[in-house]
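Residue numbers (the working numbering): 29 to 173.
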């Protein structure tokens, strides 16, 4: 069964994902993402809002060289040289997530609105799986899919 993941992303990269430019999202940390997961995007500062989502396609995990090979073989991945320097950096395993069906929400949900709906809400540093019994799950499930 597909899960629900809240992922923080810099606005520049989030815009590339939601506009369809970026077909692979590189992540410095390996996340417990699964093919078919619904990935809701929280744009970090200065936007500070949930702006859209995508469905996770294939998941690639590996070192820098292995992921470079995957990206090189992928048609129009939307991954640029500065992405490697900023996102991957270091020698630990990283991941690339195939972006399927990106969707921008008609009205973003601001951080202040999220905190009004869920007391003490804090966006994740990178990502987090959202459990069915959490108030956040109810909020994210109600978003325009």
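Ideal placement from N, C-alpha and C gives every residue a C-beta, glycine not left out. All values reported here derive from a predicted model rather than from experimental measurement.
Consult DSSP for residue i and reduce its assignment to one of helix, strand or coil.
{"i": "residue 165", "result": "helix"}
{"i": "residue 39", "result": "helix"}
{"i": "residue 66", "result": "strand"}
{"i": "residue 32", "result": "strand"}
{"i": "residue 77", "result": "strand"}
{"i": "residue 59", "result": "coil"}
Thinking C-alpha only, which one of the options is nearest residue i?
{"i": "residue 43", "options": "127, 157, 150 and 152", "result": "127"}
{"i": "residue 78", "options": "96, 97 and 133", "result": "133"}
{"i": "residue 122", "options": "72, 87 and 161", "result": "87"}
Under 8 Å between the Cβ atoms of residue i and residue j?
{"i": "residue 32", "j": "residue 158", "result": "yes"}
{"i": "residue 155", "j": "residue 47", "result": "no"}
{"i": "residue 138", "j": "residue 76", "result": "yes"}
{"i": "residue 111", "j": "residue 84", "result": "no"}
{"i": "residue 69", "j": "residue 45", "result": "yes"}
{"i": "residue 105", "j": "residue 40", "result": "no"}
Hey, which unbroken runs of the alpha helix (DSSP H) at 4 residues or more fall wholly within the stretch 124-168?
139-145
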